[in-house]
Every structure is written in C-alpha cells, then in structure tokens.
Amino acid sequence: MITRSVNRVQTVASDQGGEHSGDWRRQLAGAIRDPEVLCEALGLDAAWLPGAQAGHRLFKIRVPHAYLARMRRGDPFDPLLRQVLPIDRETDAVEGFVSDPLEEAEHRPLPGLIHKYANRVLLIVSGACAVNCRYCFRRHFPYADNTPSRREWEAVLDYLRSRPEINEVILSGGDPLASSDERLGWLVERLGGIAHLQRLRIHTRLPVVIPDRVDPGLLGWLAASRLQKVVVLHVNHANEIDPAVRHACARLREAGATLLNQSVLLRGVNDDVDTLAELSETLFAAGVLPYYLHVLDPVAGAAHFDVPDGEAVELVERLRARLAGFLMPRLVREVPGERSKTPLPQRSAQPGSS
Ligand SMILES: *Cc1c(COP(=O)(O)O)cnc(C)c1O
Ligand code: SF4
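Numbering (full-length UniProt numbering), first residue to last: 1 to 354.
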C-alpha cells in the first residue's frame, strides 16, 4: 500500500506541475473546487456529476491535490473520496438532522470563543478548512465571515486571564492551521503569557490533508511555546496516512507535541472492524494515539453517513477483541448541554437526553 500511494503522489505531482512541492498556501489555493474537475481527475463515471453538483450548491467542494493523490482512480467508493464527494442524498431532508446539531451558538461568550466545558475553551481561529468534509457539523456555518480581529482576540485573552479554572486552550475552526504562522505565533505567545494555562491543544486536519503545512514556520512557534502541546489530528481511514503524513507527524513530535487522533464513524468509509483496526495500527505506527471515535453529529445533508448507535457499540466491542487497549478509541457522542463528551453505550435508558 505504501508503495502504491507513493506512486500515486508522484503521478499527480507531475500532472500538476509540482503541486506538492513546498508551499502549503499555494496548495491550499490550488485545491479542486469544481465537481466536474474532481470527477474528471479521478476518471469517475459522468453519472456521479449531477449529485456532486447538487451537493456542491449546499456546501462547496474543496479537495487539495495532495489528498486527491491518495485516492484510487475510477473508484467512486474510495474511502477518501466518499468523505469529500457530494452525492444527491445530501439534498434529502431527514428528520432529526439539523443545521446546528451541537447548539454551539449558545456557548459563545465572545466572538471566537466557545466555552462549554469547565476547564477548557475552544478558540475559533480560522473559518477556513483545507478540505470540505461532507459529514462536517460546521457545514452550515460561514465561519470565514466572522473570525475575530486582533482587538477581539484581546477580549478573549482578558476572558482567559480572569478565569484561573481554565488550564487548557484548544485552537479550532474551521481548521486553525489554515491561519498564518504570523497570527498563530502571536496568539500562542500571548496564551503562553497567561500563567494558569498549562496546555495548548490544536484540532486540525491540515497535517493530514496538506502535510507540507508542517513547515519551519509552524514548527517554530509551536516549539517555542512553554505550554504543553497536544495536536489532535483527524484521520478516518488508514489510506489517509502516507509517507508525507508520517513525516509531518514526526516533525510535530520533535517540536514537543503529543499526537492524538479523532475519527468520525462513517457509513461507507470506516464502518467495519478491519478498517478501524487498520486505522488504529497505522496511526500508532505514525506516532499517533487514537483518542475519540465520534458518532456522526446529526447535521442536515449528512444522514447517509449515519451508523445507528447499536451497530456502533457492537463494532467497537468487536474492535476491542482485535486491539491493544491503548489503541482503542473512545466511542463518544456530543450531546448539547452536557459537561463533556458522552461515552457510548450511555447508561441512561434515553439516549440523547440531557
Ligand atoms: C470536544 C470539545 C472540547 C474538548 O473536549 P475533550 O473531551 O477534552 O476532548 C472542548 N470544548 C468544546 C466546545 C468541545 O466541543
Ligand atoms: S472542520 Fe474539520 S471535519 Fe469540518 S470540513 Fe473542516 S476539516 Fe473537515
């Protein structure tokens, strides 16, 4: 598999005139944003195009070439393609699948700040993502329109300074690493100046989608921070981990980061025991520990990815028989109003009650 993906990378790189070399910003700007181009690049049957266009009108396609290079040509069921290719079922209205499943809007004391859990807060650093994942619960939020200005960040910093119970700050988005190193370096330095903060966590898909994002600029501000650093990657399938991703993971660890991974359990992508076992093993080989396996947030347009709770619990039980204990992700759901993620199976007889 490794050899095959290396070959694919080389093929696409030469097709695209060195799209993979160095500059992550160019790769970000050069991502595929047109359903027709995506279908053509992979040699998909034209029958997939109308669905792709219909979904694209709801939530734009975005696929960087470095990610495309890990997909199998001509296979509409490739597990990486499934995550980014819109299909006509996105336009179905399904009961219970809504636009703000986590009710995050209620936990925003300031622009850019989500404070739901006791000792940790989430900062929305960037509205942009390197890839648009079809199952994303943020698909209905134009975060790009409202990332905070420097003055607004000062208000967030004041909020953190006045709350000694907060010991961990999570950079989120969108994808926080879509932001510039200048802005990130500034913010992280300020955070490091708040004495009661102990940890900096970064939730990102960029080192997976465009591994060249992990460059000297990023590693510089990361390594310089006195805070303990945790990078939570987002990988759903072992095929996403190629040599470039392994290299990026190694650099992040050298800069002092502990690497964890969260996945989403997705119908047609990773909803079987073999795939989940291979994912955990491949992550650990890259120096990444499995952290969470999320059940899908019920966001409108993503119902076709849903795996029912009973099946999810059974899958994870079978996975337990296959893996070392430390390679087992925790199966969780996010329930609006709860003080933490909610483990499955829930002890309560009424799943989803809060
Ligand atoms: C998931 C989440 C966190 C982090 O929770 P952990 O269980 O510590 O990973 C923090 N804040 C918000 C709003 C979250 O959704
Ligand atoms: S926030 Fe994460 S899951 Fe959602 S589109 Fe961006 S990278 Fe994908």
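Ideal Cβ positions, reconstructed from N, Cα and C, are used throughout, including at glycine.
Keep in mind it's a predicted model, so treat the numbers as computed, not measured.
Buried/exposed call for residue i, threshold 16 Cβ in 10 Å
i: Ser280; result: buried
i: Phe137; result: buried
i: Ser340; result: exposed
i: Pro64; result: buried
i: residue 356; result: Only positions 1 to 354 of the chain appear in the structure, and residue 356 is not among them; the question remains open.
i: Arg201; result: buried
i: His196; result: exposed
i: Arg57; result: exposed
i: Ala105; result: exposed
i: Arg226; result: exposed
i: Ala118; result: exposed
i: Gly310; result: exposed
i: Glu317; result: exposed
i: Val37; result: exposed
Euclidean distance between Cα positions of residue i and residue j
i: Asp92; j: Glu240; result: 28 Å
i: Arg199; j: His294; result: 23 Å
i: His107; j: Ser149; result: 20 Å
i: Val125; j: Ala257; result: 19 Å
i: Val84; j: Cys133; result: 5 Å
i: Arg251; j: Trp24; result: 16 Å
i: Ala13; j: Arg70; result: Confidence is the limiting factor: at Ala13 the pLDDT is only 39, short of 50, which leaves the residue's position unreliable and the question unanswerable from this model.
i: Ile210; j: Leu222; result: 18 Å
i: Leu283; j: Leu296; result: 21 Å
i: Gly96; j: Arg139; result: 16 Å
i: Pro298; j: His237; result: 21 Å
Where residue i falls: helix, strand or coil (DSSP)
i: Asn261; result: strand
i: Gly18; result: Because the pLDDT of Gly18 is 42, which lies under 50, any placement of that residue in the model is unreliable, and the question is left without a value.
i: Tyr159; result: helix
i: His196; result: coil
i: Pro216; result: helix
i: Thr342; result: strand
i: His294; result: strand
i: Arg322; result: coil
i: Leu331; result: strand
i: Glu278; result: helix
i: Glu168; result: strand
i: Val131; result: coil
i: Gly337; result: coil
i: Arg120; result: strand
i: Phe141; result: coil
i: Val245; result: helix
i: Val37; result: helix
i: Val209; result: helix
i: Val307; result: coil
Residue i - partner residues in DSSP beta bridges
i: Gly112; result: Answer by DSSP bridge pairing: none, since Gly112 is not bridged.
i: Thr204; result: Leu233
i: Gly173; result: Ser126
i: Val98; result: Val299
i: Leu289; result: Leu260
i: Gln228; result: Arg199
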